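Novice: Structure in structure tokens, see below.
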Amino acid sequence: MKQSPSIRGARRNLRETRRLAPDAVGIAEAAALLRAGRLVAFPTETVYGLGADATNPRAVAALYAAKGRPSFNPLIAHLPDLEAALAQGLFNATARELARAFWPGALTLVVPLAGRASVCDLARAGLDSMALRVPAHPLARRLLDATGAPIAAPSANRSGRVSPTEASHVLDDLDRRIDVVLDGGPTPIGLESTIIACLSTKPVLLRAGGIPREAIELVVGKLGKAGEASTDRLRARAAKHGAPAPSVRDDPRPVSPGLLASHYAPRASLRLGAHQIERDEAALLFGRNEPDGLERASAVLNLSEVSDLEEAAANLFGHLRKLDAALACRRSPCIAVSPIPERQLGEAINDRLRRAAAGR
Numbered sequence: 026m027k028q029s030p031s032i033r034g035a036r037r038n039l040r041e042t043r044r045l046a047p048d049a050v051g052i053a054e055a056a057a058l059l060r061a062g063r064l065v066a067f068p069t070e071t072v073y074g075l076g077a078d079a080t081n082p083r084a085v086a087a088l089y090a091a092k093g094r095p096s097f098n099p100l101i102a103h104l105p106d107l108e109a110a111l112a113q114g115l116f117n118a119t120a121r122e123l124a125r126a127f128w129p130g131a132l133t134l135v136v137p138l139a140g141r142a143s144v145c146d147l148a149r150a151g152l153d154s155m156a157l158r159v160p161a162h163p164l165a166r167r168l169l170d171a172t173g174a175p176i177a178a179p180s181a182n183r184s185g186r187v188s189p190t191e192a193s194h195v196l197d198d199l200d201r202r203i204d205v206v207l208d209g210g211p212t213p214i215g216l217e218s219t220i221i222a223c224l225s226t227k228p229v230l231l232r233a234g235g236i237p238r239e240a241i242e243l244v245v246g247k248l249g250k251a252g253e254a255s256t257d258r259l260r261a262r263a264a265k266h267g268a269p270a271p272s273v274r275d276d277p278r279p280v281s282p283g284l285l286a287s288h289y290a291p292r293a294s295l296r297l298g299a300h301q302i303e304r305d306e307a308a309l310l311f312g313r314n315e316p317d318g319l320e321r322a323s324a325v326l327n328l329s330e331v332s333d334l335e336e337a338a339a340n341l342f343g344h345l346r347k348l349d350a351a352l353a354c355r356r357s358p359c360i361a362v363s364p365i366p367e368r369q370l371g372e373a374i375n376d377r378l379r380r381a382a383a384g385r
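Add 25 to the 1-based position in the sequence shown for our numbering, that's all there is to it.
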């Protein structure tokens, strides 16, 4: 196996990151930069992604460096259609059924690596499985067509921080670290893709996201638990080589992005399920019910006054960024978050909030 490029040495000293218009000229320039091994942020229907040619190890190394992302955390390869995805991964019947039902869209499938796959080892974090997605956003699709290669694209922010849903968010985190951002306005869903592992006969929900669990289970039945995916991958590898089935502890690498305990975090700490606001906290509300002590809040935003979970998902990361900025001068900033129902997109919203609050 060829040695991967140095992540630390991949960072370039860049000029100010440029915004490209979402037109034919902007897309052509963005695609040319990607083919040349440069980094391009672009909108998807979920959040803005930071794109690199997934077949180019040096470009992928530069992506990890720009984000400050650990190289053991694999990336999602974005593709124009199912046919292109079949060249990269091995799709069982369940994976094909999910792809036909939800692609193009906010669904990522983790499948075994195909023998003819061109996505580089570094983008997969050395795993023998791969995370694949066919996005629905028209700009992302035009960029994929113009580039002619799979695009590795995690969220276009510094690793572990709040995901970007507007071009200005990308610039807040990555100005002078990447070449350009293709400005397509706010992203419509506002949460990352749902990730399903198809590594055995039973599909496993790895990360709740833009397509609710309930919609997926209508297609393929009840989904397995997240811990089962790593076990399935290790058992499959052991069977291939005639070895005994190992423990998940034998390979602690995440099988897909979005699984680290602390993620999506603002600089302020988060206090979840808040029914009362403490002095100088910022308040992130949901619905019309106001918590006690709201008059003590230093800043207040509501994800959805009408308790609409789709509206709340679209507002989540932008509101977290605004409240974080409002608390910038506080010595111990804290955002108190109202309870959000654990159903439909609420499952994904609560997942992001729990990870944002972890280790704080």
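Quick reminder that beta carbons are idealized off the backbone N, C-alpha and C, glycines included.
Since the structure is predicted, the reported quantities are computational estimates derived from the model, not experimental observations.
Determine, using beta-carbon pairs with one atom in the stretch 189-196 and one in the stretch 320-334, whether at least three such pairs fall under 8 Å.
Specialist: No contact exists between the stretch 189-196 and the stretch 320-334.
Novice: Under a Cβ-count criterion, where at least 16 other Cβ atoms within 10 Å of its own Cβ denotes burial, should C359 be classed as buried or exposed?
Specialist: Burial call: buried.
Novice: Assuming F311 and S363 form a contact by the criterion Cβ under 8 Å, report the distance between their Cβ atoms to the nearest whole angstrom.
Specialist: Between S363 and F311 the Cβ distance is about 5 Å, and since that is below 8 Å, they are a contact.
Novice: Could you pull out every unbroken alpha helix (DSSP H) segment of at least 4 residues lying fully inside the stretch 28-108, listed in chain order?
Specialist: Listed in chain order, the complete alpha helix (DSSP H) runs (minimum 4 residues) inside the stretch 28-108 are 49-60 and 82-92.
Novice: At which residues does the beta strand (DSSP E) containing L326 begin and terminate?
Specialist: That run of the beta strand (DSSP E) goes A324 to N327.
Novice: Run through the DSSP bridge pairs and tell me what R186 is partnered with.
Specialist: A290.
Novice: So for D376, helix, strand or coil by DSSP?
Specialist: Looking at D376 - three-state DSSP - the assignment turns out to be helix.
Novice: Would you report the Cα separation of P82 and D146, rounded to the nearest angstrom?
Specialist: Taking the straight line from one Cα to the other gives about 8 Å.
Novice: If you measure between the beta carbons of L309 and L231, is that distance less than 9 Å?
Specialist: No. Outside cutoff.
Novice: On the three-state DSSP scale, how would you describe I241?
Specialist: In the structure shown, I241 sits in a helix (DSSP, three-state: H, G or I).
Novice: Report all residues from its chain with a CB closer than 6 Å to the CB of A110; omit the five preceding and five following residues, and keep chain order.
Specialist: So the list reads L104 and L157, once near-sequence residues are dropped.
Novice: Would you check if there are 3 or more beta carbon pairs closer than 8 Å linking the stretch 213-220 to the stretch 46-53?
Specialist: As far as the Cβ criterion goes, the stretch 213-220 does not touch the stretch 46-53, which means the pair count is below three.
Novice: When the Cβ atoms of the stretch 166-180 are set against those of the stretch 53-69, are three or more pairs found closer than 8 Å?
Specialist: Output reads yes: the stretch 53-69 touches the stretch 166-180.
Novice: Closest by CA to V136, which one among E335, V205, I220 and E303?
Specialist: Here the closest residue by C-alpha is I220.
Novice: Is A139 closer than 9 Å to A66 when the C-beta atoms are compared?
Specialist: Taking 9 Å as the Cβ cut-off, A66 and A139 do not qualify as a contacting pair.
Novice: Measuring alpha carbon to alpha carbon, tell me which residue in R125, E41 and P189 is nearest T69.
Specialist: The shortest Cα separation from T69 among R125, E41 and P189 belongs to P189.
Novice: May I ask you to report which of helix, strand or coil DSSP gives R121?
Specialist: Looking at R121 - three-state DSSP - the assignment turns out to be helix.
Novice: Between E108, L100 and A177, which lies nearest to L152 when the distance is taken from Cα to Cα?
Specialist: Among E108, L100 and A177, the Cα nearest to that of L152 is on L100.
Novice: Identify, in the order they occur along the chain, each residue of the same chain with its Cβ nearer than 7 Å to the Cβ of Y289, setting aside the five sequence neighbours on each side.
Specialist: Only V187, S188, R377, R380 and A381 meet the Cβ criterion.
Novice: To the nearest whole angstrom, what separates the beta carbons of P47 and G209, a pair I think is in contact under 8 Å?
Specialist: Between G209 and P47 the Cβ distance is about 5 Å, and since that is below 8 Å, they are a contact.
Novice: Among V245, A178, P291 and N375, whose alpha-carbon lies nearest the alpha-carbon of R125?
Specialist: It is V245.
Novice: G249 to K227, Cα distance in whole Å?
Specialist: Straight-line Cα distance between these residues: approximately 7 Å.
Novice: On the DSSP letters alone, give me the boundaries of the alpha helix (DSSP H) that S154 sits inside.
Specialist: Per DSSP, S154 belongs to no alpha helix (DSSP H); it is in the beta strand (DSSP E), S154 to R158.
Novice: Report all residues from its chain with a CB closer than 6 Å to the CB of T84; omit the five preceding and five following residues, and keep chain order.
Specialist: Per the sequence shown, the amino acid found at residue 84 is Ala instead of Thr. Around A84: G62, A77 and D78.
Novice: Let me check one thing: in DSSP terms, what residues is T133 bridge-paired to?
Specialist: Partner(s): R158 and I220.
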